[in-house]
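**Q** Going line by line, the protein sequences match chains A and B. So for the first sequence, our numbering puts the first residue at 11; every next one is plus one. So for the second sequence, our numbering puts the first residue at 3; every next one is plus one. Ideal placement from N, C-alpha and C gives every residue a C-beta, glycine not left out.
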Amino acid sequence: MNSSPNTQKSRALTVVVLILLVAAVAVVWLYWGREPGGGGVASSTPKSSTTLRVALFKSPAVDAAQKLIPEFEAQTGIRVDLDILPYAELQDVVQTEFLARSPRFDIVMADCIWIPKFADAGYLGEIDRYLRDPALTPKDYNYEDLIPSVADYLGKYPARGKTYGFPFMTNSHVLAYREDLYVKYLQPKGFRRPGTTPETAWTWDEYLRAAEVLTMPNAKLPGGTQWGSSMQAKAGAWLVYEWYSWLYGFGGKDIDYSIMRPMFDSPASVDAIRQYASMVGKVAPRSVLSWGHEEETQALGSGLAAMDATWNVELTGYLLDPSTSPHAKDFKFGLSPVGRSGKPTPDMGGYGILLSKFSTHPQDAYRLMVWLTSPAVHRRIVLDGGTPFRYSEMKDPEILKKYQVYSIYGIALENSVYRARVPQWPEIEDIISKELTPVMEGRSNPKEAGALMTKKIEPLLPKR
Amino acid sequence: MVTGIRRKSLWALVPACALLFMLTVIPAVGVVVASFFNWRITGDITSAGLYNFYRLVQDPYFANSARVTLKIALFATAFEVVLGLAVAGSLEYWPKVRNSFRLILMLPMVISPMLAGLIWRLALDEQVGMLSRLWGSLLPGEFYPLSSANGAVTAVILVDVWQWTPFIAILISVAWEQASVRLLDQVEVDGLSGLAAFRFIWGPVLLPVIGVAMLFRLIDCLRIFDVVQVLTAGGPGNATETLSVFIYKRVIKFGDFGYAASAAVALLVLASIVWVVGERMFSLNYRGR
Chain A
11 MNSSPNTQKS RALTVVVLIL LVAAVAVVWL YWGREPGGGG VASSTPKSST
61 TLRVALFKSP AVDAAQKLIP EFEAQTGIRV DLDILPYAEL QDVVQTEFLA
111 RSPRFDIVMA DCIWIPKFAD AGYLGEIDRY LRDPALTPKD YNYEDLIPSV
161 ADYLGKYPAR GKTYGFPFMT NSHVLAYRED LYVKYLQPKG FRRPGTTPET
211 AWTWDEYLRA AEVLTMPNAK LPGGTQWGSS MQAKAGAWLV YEWYSWLYGF
261 GGKDIDYSIM RPMFDSPASV DAIRQYASMV GKVAPRSVLS WGHEEETQAL
311 GSGLAAMDAT WNVELTGYLL DPSTSPHAKD FKFGLSPVGR SGKPTPDMGG
361 YGILLSKFST HPQDAYRLMV WLTSPAVHRR IVLDGGTPFR YSEMKDPEIL
411 KKYQVYSIYG IALENSVYRA RVPQWPEIED IISKELTPVM EGRSNPKEAG
461 ALMTKKIEPL LPKR
Chain B
3 MVTGIRRKSL WALVPACALL FMLTVIPAVG VVVASFFNWR ITGDITSAGL
53 YNFYRLVQDP YFANSARVTL KIALFATAFE VVLGLAVAGS LEYWPKVRNS
103 FRLILMLPMV ISPMLAGLIW RLALDEQVGM LSRLWGSLLP GEFYPLSSAN
153 GAVTAVILVD VWQWTPFIAI LISVAWEQAS VRLLDQVEVD GLSGLAAFRF
203 IWGPVLLPVI GVAMLFRLID CLRIFDVVQV LTAGGPGNAT ETLSVFIYKR
253 VIKFGDFGYA ASAAVALLVL ASIVWVVGER MFSLNYRGR
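1) Classify residue 152/B: buried if its beta carbon has 16 or more other beta carbons within 10 angstroms, exposed otherwise.
2) Taking just the CA atoms, how far does residue 179/A sit from residue 102/A?
3) Quick one: give me the first and last residue of the beta strand (DSSP E) that residue 322/A is part of.
4) Residue 57/B and residue 261/B - do their beta-carbons sit closer together than 8 Å?
5) At which residues does the beta strand (DSSP E) containing residue 326/A begin and terminate?
6) Only counting the same chain, and skipping five residues up and downstream in sequence, which positions put a Cβ closer than 7 Å to that of residue 247/A?
7) Per DSSP, which one or two residues make a beta bridge with residue 117/A?
8) Answer yes or no: do residue 96/A and residue 68/A have a C-beta to C-beta separation smaller than 8 Å?
9) So is residue 223/B buried or exposed if we call it buried at 16+ other beta carbons inside 10 Å?
10) Mind listing the chain B neighbours of residue 448/A? Cutoff is C-beta to C-beta under 7 Å, in chain order.
11) Select from the segment 246-257 of chain B all residues with a C-beta closer than 7 Å to any C-beta belonging to chain A, and list them in chain order.
12) Can you tell me the Cα-Cα spacing of residue 52/B and residue 64/B, whole angstroms?
13) By a C-beta neighbour count over all protein chains shown, 10 Å radius and 16 as the cutoff for buried, is residue 27/B buried or exposed?
14) Any contact between the segment 215-231 of chain B and the segment 76-91 of chain B? By contact I mean 3 or more CB pairs, one from each, below 8 Å.
15) I'd like to know whether the C-beta of residue 65/A is nearer than 8 Å to at least one C-beta of chain B.
16) Find the nearest neighbour of residue 420/A within the set 88/A, 86/A, 157/A, judged by alpha-carbon distance.
17) Nearest chain A C-beta to residue 179/B closer than 8 Å, yes or no?
18) Of all the alpha helix (DSSP H) runs that stay within the bounds of the segment 274-320 of chain A, which reach a length of 4 or more residues?
19) Looking only at its chain, what residues have a beta carbon closer than 6 Å to the beta carbon of residue 361/A, apart from the 5 residues adjacent to it on each side?
20) Report the residue from 191/A, 317/A, 62/A whose alpha carbon sits nearest the alpha carbon of residue 239/A.
21) Using a Cβ-Cβ cut-off of 8 Å, state whether residue 43/B counts as contacting chain A.
22) Spell out the partners DSSP gives residue 40/B in its beta bridges.
23) Chain B partners of residue 433/A, CB-CB under 7 Å?
24) Excluding five sequence neighbours on each side, which residues of the same chain lie with their C-beta closer than 8 Å to the C-beta of residue 352/A?
25) Select from the segment 415-439 of chain A all residues with a C-beta closer than 7 Å to any C-beta belonging to chain B, and list them in chain order.
26) Identify the contact partners of residue 102/A in chain B, using a Cβ-Cβ distance below 8 Å as the criterion.
27) Looking at chain A, is there any beta carbon in it that lies within less than 8 Å of the beta carbon of residue 150/B?
28) Determine, for residue 105/A, whether the minimum Cβ-Cβ distance to residues of chain B falls below 8 Å.
29) Would you list the residues sitting across from residue 186/A in a DSSP beta bridge?
30) For residue 442/A, collect the residues of the same chain with a Cβ closer than 7 Å to its Cβ; drop the 5 residues on either side in sequence, then sort them by chain order.
31) What's the gap between the Cα of residue 29/A and the Cα of residue 15/B?
32) With a threshold of 8 Å, are at least 3 pairs of Cβ atoms found where one atom belongs to the segment 321-339 of chain A and the other to the segment 369-385 of chain A?
33) Any residues in the segment 120-132 of chain B with a beta carbon nearer than 7 Å to a beta carbon of chain A? Which ones, in chain order?
34) Is there contact between the segment 391-402 of chain A and the segment 134-141 of chain A, where contact requires at least three CB pairs shorter than 8 Å?
35) Does the beta-carbon distance from residue 174/B to residue 211/B come in below 8 Å?
36) What residues from the segment 108-134 of chain A come within 7 Å of chain B, judged by C-beta to C-beta, listed N to C?
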């Protein structure tokens with residue numbers, strides 16, 4: 011009965027070979043036997059020859075669009091799979107696919123600051139010829155209805171002079187404040203109401219003084235203090251996006267394009283660093299250094315912070331939702347403070363939906379992009395939590411009734427400033443973030459930070 | 003006959019070796035090769051010679067990342083060894099609860115580092131976090147674990163210690179238990195107790211185990227990424243930007259692949275040095291006895 015060691019070894023070898031065979035079959039079945047485009051959004055549409063895959067990130071506009079996709083599928087017979095990723099993962103996933111020249115995604119939702127990099131690397135598909143084709147872009151699409159600055163910033167890359175997509179979720183800064191606190195604490199001290207036109211908007215000085223009044227160390231809150239201002243000063247895009255409104259507000263600028271030189275060491279830019287950093291610990295908690303979008307919203311919604319000069323309009327749906335924001339009914343909006351130029355200078359953000367260069371169905375993908383951003387469909391997305399980018403949406407009575415903030419949003423978008431639209435932007439942003447944070451912590455001073463930003467960013471800029 | 007069996011056994015190793023080659027050797031060689039090229043997301047790939055390494059030496063952000071990584075690795079490993087030894091020692095004194103306690107100790111280890119980072123981010127939240135509330139009610143002063151440079155580094159070390167002290171404790175505990183079976187008589191015959199028993203009997207036996215555990219943790223800490231990314235994203239500023247975060251940013255955000263590869267090579271060299279020095283130190287010690 012006892013088998014020899016040789017037989018035992020042979021059996022072991024047979025088992026190993028069998029396991030490997032099973033594993034090989036499993037791999038083949040998983041990767042080659044799968045129906046193309048499996049997973050994603052369930053659809054009752056009959057099987058179509060085309061499946062579009064779209065990479066997006068979880069946001070109010072995407073939630074709203076997701077509900078409408080079955081209508082597009084029913085109208086066209088094209089199946090749409092949405093890969094809805096957390097914001098933090100979207101860039102990793104999309105860039106990895108692009109780098110591999112993969113056709114996995116036909117359309118990608120891209121943050122405004124990634125567009126120059128993707129366009130310059132040749133990852134985006136040009137849509138100008140489709141825009142001119144009436145069969146693909148019907149007349150009622152009305153491209154002229156798109157706010158030009160937004161259509162440009164979220165759909166084009168000026169250095170190549172080409173269009174790659176459309177705006178999808180816009181963003182800029184406005185001033186958010188609580189009406190109840192204004193009436194109780196600010197009005198008696200002679201503060202005028204934050205204005206909704208460039209002529210009546212608060213100045214930065216008024217904002218800082220009002221924030222000081224509203225900072226109450228003994229308020230009955232979990233943190234023990236009501237702070238005058240909310241912020242999002244977490245290292246990275248959050249901090250830099252917010253600070254840019256201050257930079258331009260105080261008369262500074264990032265780059266002098268005529269000589270291709272960073273201007274962060276100019277007196278106005280240094281003043282912007284000083285004023286912004288002065289908020290921390292004085293009218294905003296020191297913990298803002300770890301706050302991003304969510305924490306900024308929670309602080310306002312919970313009552314921990316009273317105002318925000320750089321409120322992200324894209325998050326207004328969350329702020330006005332009574333289930334997450336106890337003071338939802340008290341929030342009012344004005345234009346962000348005017349700077350030395352006499353105009354508000356909010357920093358434009360937002361996301362475009364862009365055609366992938368590697369899409370295997372570029373025309374169908376374009377059809378979906380047009381459909382999602384068309385006047386009729388996008389209006390519904392805005393009503394369900396998205397942000398507008400069409401003139402018609404800014405005047406729509408139903409939209410304005412639901413979201414008061416959009417009555418001033420058009421002015422904010424038209425006056426918005428841009429972050430540098432160069433492929434090197436991510437590195438520039440990283441340097442600004444790294445040099446600005448120590449000033450807010452008290453470990454560096456504004457002049458030194460401005461000088462270091464300039465010195466480190468200058469070699470990154472293309473030479474003229 | 004024996005040779006034939008050995009030959010067949012060697013064939014059985016081929017799939018594993020091939021897999022190892024494909025998944026580790028080829029990418030590692032690829033990274034080394036990439037480090038000699040100017041390879042960015044935009045533009046052509048051109049030869050760079052040693053320029054990427056020259057950039058590394060000149061780059062204050064890389065120097066900062068190396069410092070931060072070493073600080074986190076050294077402090078976290080030191081705390082983990084000391085605490086792990088203390089926990090293992092305690093378990094020796096309570097053999098009845100030893101097995102069940104080891105099981106409980108496993109819990110932090112089986113949580114993914116990403117999830118551990120999230121849990122601690124909530125606990126350390128400076129407004130509503132459990133620990134900040136506790137601090138506020140018990141201790142004077144302000145509590146800024148995530149928004150001050152020193153606080154954030156401490157927070158990363160804390161999470162690593164919380165998650166990996168059990169690993170060291172369990173390794174030492176098991177080794178200690180095994181040694182007890184063989185050496186308890188010697189301890190009793192020599193009449194040693196307490197610190198003397200540890201110094202002359204248990205210490206020398208446990209030292210190689212502690213050494214190996216320490217090396218594992220040290221090298222693991224050198225490549226720490228997930229916890230940092232979730233807890234602080236490298237901030238505030240670049241206070242917790244470890245080498246892995248530095249490399250990640252240059253690959254994913256900046257698309258500067260050649261430069262990122264040179265930083266990865268530097269990390270590989272650093273980890274190899276730690277391993278070679280550590281292994282020699284501990285194995286020499288072991289052989290000497």
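**A** On the basis of the data shown:
1) exposed
2) Taking the straight line from one Cα to the other gives about 20 Å.
3) 315-322
4) With contacts defined by Cβ atoms closer than 8 Å, residue 261/B and residue 57/B form a contacting pair.
5) Premise fails: residue 326/A lies in the alpha helix (DSSP H), 326-329, not in any beta strand (DSSP E).
6) 123, 439
7) 64/A, 365/A
8) Their beta carbons are under 8 Å apart, which means residue 96/A touches residue 68/A by this criterion.
9) buried
10) 239
11) Within the segment 246-257 of chain B, the qualifying residues are 251, 254, 255, 256, 257.
12) 16 Å
13) exposed
14) yes
15) no
16) 157/A
17) It does not; no Cβ of chain A falls within 8 Å.
18) 277-288, 303-312
19) Counting only Cβ-Cβ distances below 6 Å, and skipping sequence neighbours, we find 119, 121, 178, 179.
20) 317/A
21) At least one chain A Cβ lies under 8 Å of residue 43/B.
22) Residue pairing by DSSP puts residue 40/B in a beta bridge opposite 48/B.
23) Identification of chain B residues near residue 433/A by a Cβ-Cβ cut-off of 7 Å yields 44, ordered along the chain.
24) 208
25) 433, 436, 437
26) 254
27) yes
28) Among the CB atoms of chain B, one or more fall inside 8 Å of the CB of residue 105/A.
29) Beta-bridge analysis with DSSP links residue 186/A to 318/A, 343/A.
30) 250, 463
31) The straight-line gap from Cα to Cα measures roughly 14 Å.
32) no
33) 128, 129, 130
34) no
35) It is a contact, given that the beta carbons lie within the stated cut-off.
36) 127, 130, 131
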